[in-house]
Every structure is written in structure tokens, then in C-alpha cells.
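S.K.:
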Amino acid sequence: MIRLNDITSQILKHNPKANLDIVEKAYVYTAKIHHGQTRLSGEPYLSHPLEAAYVLAKMKMDVVCIAAGFLHDTVEDTDATIEEITSLFGKEVSDIVNGVTKISKIYFATSKQRQAENIRKMILAMSHDIRVILVKLADRLHNMQTLGFQKPEKQYRIARETLDIYAPLAGRMGINWIKSKLEDLCLYYMEPEAYAQIQSQISLRSGENAKIIIDAKKLLEKKLEEVGIKACVKGRDKHFYSIYKKMADQNLDVTQVYDILAFRVIVSSIKDCYAALGHIHAMWKQLQGRFKDYISVPKINMYQSLHTTVFGPFNQRMEIQIRTWEMDKVAEEGIAAHWKYKEGKYPSQNGEEQFAWLRQLLEWQQNLKDPVEFLETVRMDLFPDEVYVFTPKGDVKAFPMGSTPIDFAYSIHSEVGKKCMGARINGKMVPLRHSLTNGDIVEIITSKNQHPNEDWLEFVKTSKARTKIRQWIRNQERDESITLGKDLLEKELLKSNLPVSDFMRNSKLKSVAEQLSIKTAEDLLAQIGFGKISPKQVINRLKPMFGLKEDRPPGIVSKVVGKIIHRKEDHGIKVKGISDILIRYANCCSPLPGEHIVGYITHGHGISIHQDCCKNILHADPERLIEVSWEPLQKERHMAKLRVISSERKGILAELCTVISQKDANITYADVKTTTDQKGITNFSLEVEDFQHLNSIMRTLKKLKSVLIVERV
Ligand code: MN
674 MIRLNDITSQ ILKHNPKANL DIVEKAYVYT AKIHHGQTRL SGEPYLSHPL
724 EAAYVLAKMK MDVVCIAAGF LHDTVEDTDA TIEEITSLFG KEVSDIVNGV
774 TKISKIYFAT SKQRQAENIR KMILAMSHDI RVILVKLADR LHNMQTLGFQ
824 KPEKQYRIAR ETLDIYAPLA GRMGINWIKS KLEDLCLYYM EPEAYAQIQS
874 QISLRSGENA KIIIDAKKLL EKKLEEVGIK ACVKGRDKHF YSIYKKMADQ
924 NLDVTQVYDI LAFRVIVSSI KDCYAALGHI HAMWKQLQGR FKDYISVPKI
974 NMYQSLHTTV FGPFNQRMEI QIRTWEMDKV AEEGIAAHWK YKEGKYPSQN
1024 GEEQFAWLRQ LLEWQQNLKD PVEFLETVRM DLFPDEVYVF TPKGDVKAFP
1074 MGSTPIDFAY SIHSEVGKKC MGARINGKMV PLRHSLTNGD IVEIITSKNQ
1124 HPNEDWLEFV KTSKARTKIR QWIRNQERDE SITLGKDLLE KELLKSNLPV
1174 SDFMRNSKLK SVAEQLSIKT AEDLLAQIGF GKISPKQVIN RLKPMFGLKE
1224 DRPPGIVSKV VGKIIHRKED HGIKVKGISD ILIRYANCCS PLPGEHIVGY
1274 ITHGHGISIH QDCCKNILHA DPERLIEVSW EPLQKERHMA KLRVISSERK
1324 GILAELCTVI SQKDANITYA DVKTTTDQKG ITNFSLEVED FQHLNSIMRT
1374 LKKLKSVLIV ERV
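When you read off a place in the sequence shown, starting at 1, and then add 673, the result is the number in the working numbering.
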């Protein structure tokens, strides 16, 4: 078992001035609070925090991180509270412990490929301090080393989780030695046969390979020395998992993989890296397609090296990695190689390189803030723009920060989104506009009566939800317009005494639609509903199909008449091209007769009438606006025909029309002829209330100077 002494001397090795007080205090506290607890191995529980702290010391972590390593299980497994840890060890330590505890509480039910990446991101997102992840890795390493004491099912599950999540996280952090150890342990528990096969092959061949390795190494060193490159050549042990992966990826058996010799050439400068490469390629035949230059293009975790494979002196494949001492350190220790803590202080402001390294490490990070700000502490949100939550089945889903249950529901299926009426988060009901937080378990409640709401657009964050909600609203409007259009057309047909069902037949409407370059009959009805086409227009195009004549377009006379009628100030509204339509006066501006007005086609509630300067109209969809005008209320009217004979004079028609309309009669028809003796004969059809009304009109007309005769026809 590791002792406190091993840890403190490890710390002092890389940081002789370290203040060990906090580490010793954490040790004493941990020993006391875990007292009496044992591991499954039978060892005292204390062995586990000691091992974790030792790993962190080997990673050259600062004393705060190592203290947190000691304390990492106290809150989860003992009576200790976060408040207590904070008061005894300070907020920095307790934040790390809290972070590790939170991650430990998450149960990763799935480990599918796609999921694993999201879980890794979630862990990063939950760790406001990179040291949380490092403590978690140290914890996991020791748990993997003692996994043999667990039940087989648990062994497999933990190994799977480690291989999918923690080993890649170690890789992402560039801590290669932890990654390799974790992977080998995973292989041992997950693929025991493959592991045993590789193991026996290694012990079987180790003797004969050793000689080849020594010979090749000597030859390589000698050649490089001859050309003046100072290099350290190391034979390189492949770890079990990398052999296993090579077997799987390149479809090789274990002997083929193991026959490949592996060397690492470490030199003092980048220039020497390329020079050494040149000499090696000159000396031995290169295996095509195996050269990789990770010096000019470093890996995401900042790994740098030149990789090549050649046919070596014994015609055996030789894999060679060439790099500088600095690169070698980074390759093994990753983030820890850049961990230049000053005791009691955060990384210094001038640690720009460290920052640059971290920045590139966090490949997913999109909108990184100001570098200085980032460097201030290692405590930060690694993914400030994303949030990771679970489905009830344990799948992880990523969303933009601030997303809501509606976004979650639409990410499952648009039908679920549409019917989403509520959500339970971690078992509790929340409102639809609730913001999701990392690690939430989200359960959507649907109702068949629910449907999307325009308000949702105010708080949804994903474009999928937004698009689907908009789409639904648009379709809904279209449905309403089709219904409205159908109503308008039917009423107009009834009014004109035309056979409704014949005229409304889909095939007929479709051919009208085609004439108007509209796709379908439904679209045509929608256009009527939107007020873009009048029912009259459609009827005029339908009529010829049934051998009927179109209505004549309004001539000059009816235009004049129209103007006169519209000057009236009685209540009533005329909508351009449509009659018999549901009208209501908008409450926002309550227009009065005579004011300039405009109609707005509502969703299924007819047309609302606004003043044309109403602010609601200024912002309305212009396609929904329709021309309207004031019109007299239709009292009961009767048809009467009059003939007026006058001395021909310019403007006589207008004069006659003015008189008639002043008498409150509608002119429905008028035509003017000029006789050979220069007289004008005007025939009118009028709508009048009664006989007296007509007489009064006739009397007034007779009083006009130019009028000779007024008679009923
Ligand atoms: Mn632990």
C-alpha cells in the first residue's frame, strides 16, 4: 500500500518548495472519516484515496489537486458534507471534490459510439475545473486496477465505460500513460482470450525479439552518430491494447503484429527530427503510405512526432517515431507536461503557451472567450454553449445552452414535439420554458390535444424545433385559408344562383387553378381565403365550362356609380371582390365610418377592419391586408327602371347620377345613347325603397335644366 510519505516525496521531487500542509491535513481527515470502511479487496478503504493521490502526484499536480484526490470519496461515501470540506480545505478543494462527486453520481446506461462522445463532453461540461477530470481519471485508474474483486457483470460494465469514456478522456488530455494503462486493463476484462493470446506471444517471442531489437537499435544509433545527429534510440513496448487494435484494424494475427519492431528516436531539435528521418529513409526502404508528420500538423491533444515504417536490417518491419525531448514529454504526460503551478497560485498570466495548448485541446470549443480571461483560473466552463441531458433510457443528448423541454421533445420526434404539453426533469414537473441543465434526466409528457403555439418560438433554442413549429403554424394557417376560401366561393355561387356542387368540383377548380398558374385546387381555395383572388374571378372562369357567359367587366358607368356609392357615410363595409364575409371592427383602433380603413384577413375569423394608420396593421403581413371601403347598409330595396331624355351635354350622366345618389338610391345599371337630333337617352336601373322614394327621385330629376322627360319604363 502506498504511504503518505511516497506521495509527499513524489511532490517534492518535482516541486521542492511545495507547502505540504494541506496534503497532510487532507490525509489525516480522509483516514479519520473513512475509518472502519474496507474495499472489496479487504484492504482498508484509505488505500484507495492514497492510490488516487499518488497518481496525481505522479502527474505532477499541485497540492490543491492532490488534497482533492485524498478527499474525492468523502462526500459520496461518508458523513462528510461539502460545507465541511469547504470550511476545512477552502473552496478550491471543495469545488473539485464536488465536481468529482457529481460525475460519480451519473449512471451511464449506454455506451454506444455516438453516445460516448456526448458523455465525454458532458463530463467536460460538468467539470468547471480541469483538475476534476484528472482526479476522476486517477480514481478510475485505481478502480480498474482493483476491478478483479468486483462481480463479473460489474467488471464488464465498468471496463466498457472506461474504454468508451475515461480512456479517450485521458487521451484527449494527452496523458498517454494513463490511457494505455486503462486500455490494457479494459482489454483484460473485456477480451480475456485476446489478452491471453497477446500475452503468451510476447513471452514466447521476447527472447528472440530482444536480440533483433538490440541489433537494430545499435545500427540505428551508429548511423545517426555518423551523420552527426545526437539521438537517443529506445526500443518501444507496444501496450496490449494497441497490439489488439492493430490486429483488428489491419486484420493481422498476433504474430504479424508482434513481429513489427518499434523504436523511438529522440533528438534535441525539430531540424534533427527531419534530418534523422531523411537518413533513415535513405538507409532503409520505406513502407508506402505509413509516413505521418505530426510535427507540422499536431494531433488535437498536441501530440507531435514523425511516424514512419521501413523494412529494416533483417527485412523486418520497423515502426519508428522521431521527436524531440519536449515532444516526448508532452506525448506521455499531456496536459500535465504544461502544468506549471506555482504553489498557492493559479497558472500565471504569462503561461500563454499552456493556454494555447489547452485551447487546442478543447477542439469542440467554438466561441472561446478572451485568452487572458481563460487563463485566470483553470476553473471554467469548458462548453459554455452546450448542455448535455439524458433521456429516461439513459441516452445522452446535446443541446445549445438554454434549451427547453420543447427542444428536447422535437429532438426525439417532431410528433413528440408537437404534442409536448409538459416535462418531468429528474422526476419533477417543470414548465415548458424551463432551461435544461447538465445531467438532467428529461421525460416528456404529451397530450393528443396539445399543439404548437406561437409563444414557443420565443424560448426554443434549436433550429429543428423552431422550423417545425413555424411549419406547423404555416400549415394551420393554410388549412384555415382553404376553409375560408371554400366558404367564400360557396356563398358567392349561392348568391348568383349557380349550381354549387358542380362548380365546386375539384376537377373544375383545378383547371381554373391551372389557368391562374396555381398548382392545385386547394391552393386556389387558399388564395381566395387569403384574399388574393376574388370568388367572382374564379366564378367568371368557371362559367364558360358550363356554357355560361362571363360577367362583363365593369364599364365606365359603374365605376362612376361605385364612386358615388362609396361616398356614403352609412355604416357598412365593402370588401374588394368579396361580399358576404364575416367582418369585425378591430378593438385596437375602432375605425369610424368615413375614416381611411384597411381589412386584415384573420386566421379563420373573417376580416378585421382597422384604420389604415393603425400600428397593428403597419406590422402585419402585407399579404393578409385587403382593400375595403365603407358602404351603405343594405335596406330592403326594389328594382325600378327609368328613362331620362335630356338635351345632350357634357357631364350630364354625372349630374344625373349625383342627383340619384343624393336621393339615396343605388344605380345598378346605366347606359347613355345619343339620338340623331342631339338628345341624350339614359336608361337607369335603380334600387329604391318604395314608390314615394322613386317619385321623389323623378321630381328632382325633372327640375334639372337639361332634363326634358323623366319616365318609368
Ligand atoms: Mn474513488
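Using N, Cα and C, we set each Cβ at its ideal position, and we do this for glycine too.
Since the model is a prediction, treat every value here as computed from it, not as a measurement.
For A1004, write down the residues that DSSP places opposite it in a beta bridge.
M.R.: Paired residues: none, contrary to the question.
S.K.: Could you pull the start and end residues of the beta strand (DSSP E) that V770 belongs to?
M.R.: Not the beta strand (DSSP E): V770 falls in the alpha helix (DSSP H), residues K764 to K778.
S.K.: Do S720 and ligand 1 come close, with the Cβ less than 8 Å from some heavy atom?
M.R.: Not so, every heavy atom of ligand 1 lies at least 8 Å from the Cβ.
S.K.: At a cut-off of 8 Å, would you count G921 as near ligand 1, judging by its Cβ distance to the nearest heavy atom?
M.R.: Checking the displayed sequence, the identity of residue 921 turns out to be Ala instead of Gly. Incorrect: A921 has no Cβ contact closer than 8 Å to ligand 1.
S.K.: Quick one: measure Cβ to Cβ for I902 and I953, integer angstroms, because I've assumed they're closer than 8 Å.
M.R.: Actually they are not in contact, since the Cβ atoms of I902 and I953 sit about 10 Å apart, beyond 8 Å.
S.K.: Shorter than 8 Å, the distance from the beta carbon of S777 to the closest heavy atom of ligand 3, or not?
M.R.: Here the bound small molecules are ligand 1; ligand 3 is not part of this structure.
S.K.: Counting along the chain, where does the beta strand (DSSP E) carrying G1095 start and finish?
M.R.: Counting along the chain, the beta strand (DSSP E) containing G1095 begins and ends at C1093 to I1098.
S.K.: Quick check: the Cα distance between V1062 and F743, rounded to an integer number of angstroms?
M.R.: So the two alpha carbons sit approximately 29 Å from each other.
S.K.: Determine which residues share a DSSP beta bridge with W998 and list them.
M.R.: DSSP, once it has assigned bridges, lists no residue as partnering W998.
S.K.: Can you determine whether any heavy atom of ligand 1 sits closer than 8 Å to the C-beta of N816, and answer yes or no?
M.R.: Yes; taking the cut-off as 8 Å, the Cβ of N816 has a heavy atom of ligand 1 nearer than that.
S.K.: Let me know the secondary structure DSSP gives S1319 once reduced to three states.
M.R.: Strand.
S.K.: Compute the beta-carbon to beta-carbon distance between I1155 and A1199, rounded to the nearest angstrom, for a pair I have assumed lies under 8 Å.
M.R.: Yes, I1155 and A1199 are in contact; Cβ-Cβ is about 5 Å, under 8 Å.
S.K.: Output yes if chain D places a C-beta closer than 9 Å to the C-beta of G1353; else output no.
M.R.: In the displayed structure, chain D is absent; only one protein chain is listed.
S.K.: To the nearest whole angstrom, what separates the beta carbons of L820 and A840, a pair I think is in contact under 8 Å?
M.R.: Rounded, the Cβ-Cβ distance is 14 Å, inconsistent with contact.
S.K.: Closer than 8 Å: is that where the CB of D746 sits relative to any heavy atom of ligand 1?
M.R.: Yes - ligand 1 has a heavy atom lying nearer than 8 Å to the Cβ of D746.
S.K.: Using the C-alpha atoms, what's the distance from Q961 back to W850?
M.R.: Looking at the two C-alpha atoms, the distance is approximately 29 Å.
S.K.: Check whether the Cβ of D1128 sits closer than 8 Å to any heavy atom of ligand 1, and report yes or no.
M.R.: Answer for D1128: no, Cβ out of range of ligand 1.
S.K.: How about A811 and L729: do their beta carbons lie closer than 9 Å?
M.R.: Yes, Cβ-Cβ distance for A811 and L729 is below 9 Å.
S.K.: Taking the straight line between their C-alpha atoms, what separation do you get for L693 and R804?
M.R.: Roughly 18 Å separates the two Cα atoms.
S.K.: Quick one: measure Cβ to Cβ for L979 and L934, integer angstroms, because I've assumed they're closer than 8 Å.
M.R.: With 8 Å as the limit, L979 and L934 do not qualify as a contact, their Cβ atoms being about 17 Å apart.
S.K.: Look at the alpha carbon of D679 and the alpha carbon of Y727, and state the distance between them as a whole number of angstroms.
M.R.: Distance between the alpha carbons of D679 and Y727: 7 Å.
S.K.: So what does DSSP say about E1127, is it helix, strand or coil?
M.R.: In the structure shown, E1127 sits in coil (DSSP, three-state: anything other than H, G, I, E or B).
S.K.: Cutting at 8 Å between CB atoms, please list the residues of its own chain near K698, excluding the five before and the five after it.
M.R.: Closer than 8 Å at the Cβ level, and outside the excluded window around K698, lie A740, L761 and F762.
S.K.: Quick one: complete beta strand (DSSP E) runs, 3+ long, within the region 842-929?
M.R.: Within the region 842-929, the complete beta strand (DSSP E) runs of at least 3 residues are 904-908.
S.K.: Would P1073 and K1141 be called neighbours here (beta carbons separated by less than 9 Å)?
M.R.: Contact flag unset, no.
S.K.: From the DSSP output, in three-state form, read off D750 for me.
M.R.: Three-state DSSP puts D750 in a helix.
S.K.: Use the C-beta contact count for K1018: other C-beta atoms within 10 angstroms, 16 or more gives buried, fewer gives exposed.
M.R.: With a pLDDT of only 38 at K1018, under 50, the local geometry of the prediction cannot be trusted, and the value read off the model is given with reservation. Under this definition K1018 is an exposed residue.
S.K.: Can you look up Y1083 in the DSSP assignment and give me helix, strand or coil?
M.R.: In this structure, Y1083 counts as helix in the three-state DSSP scheme.
S.K.: Tell me the rounded alpha-carbon separation between P722 and D768.
M.R.: Distance between the alpha carbons of P722 and D768: 17 Å.
S.K.: Count the C-beta pairs between the region 1314-1323 and the region 1348-1365 that are closer than 8 Å, then say yes if the count reaches three, no if not.
M.R.: Yes: at least three Cβ pairs fall under 8 Å.
S.K.: Which class does V691 belong to by DSSP, given the choice of helix, strand or coil?
M.R.: According to the sequence provided, residue 691 is Ala. The question's Val does not apply to it. A691 falls in the coil class under three-state DSSP.
S.K.: List the endpoints of the continuous alpha helix (DSSP H) containing D1175.
M.R.: Where D1175 is concerned, the enclosing alpha helix (DSSP H) stretches over V1173 to F1176.
S.K.: What number of angstroms, rounded off, separates the C-alpha of G847 from the C-alpha of N1111?
M.R.: Answer to the nearest angstrom: the Cα atoms are 25 Å apart.
S.K.: Would you mind sorting H1276 into buried or exposed? The rule is 16 or more other CB atoms within 10 Å of its CB.
M.R.: The residue is exposed, with fewer than 16 neighbouring Cβ atoms inside 10 Å.
S.K.: Closer than 8 Å: is that where the CB of A725 sits relative to any heavy atom of ligand 1?
M.R.: Result yes, Cβ under 8 Å from ligand 1.
S.K.: For the alpha helix (DSSP H) that W1145 lies in, which residues bound it at each end?
M.R.: Its alpha helix (DSSP H) spans residues S1136 to K1168.
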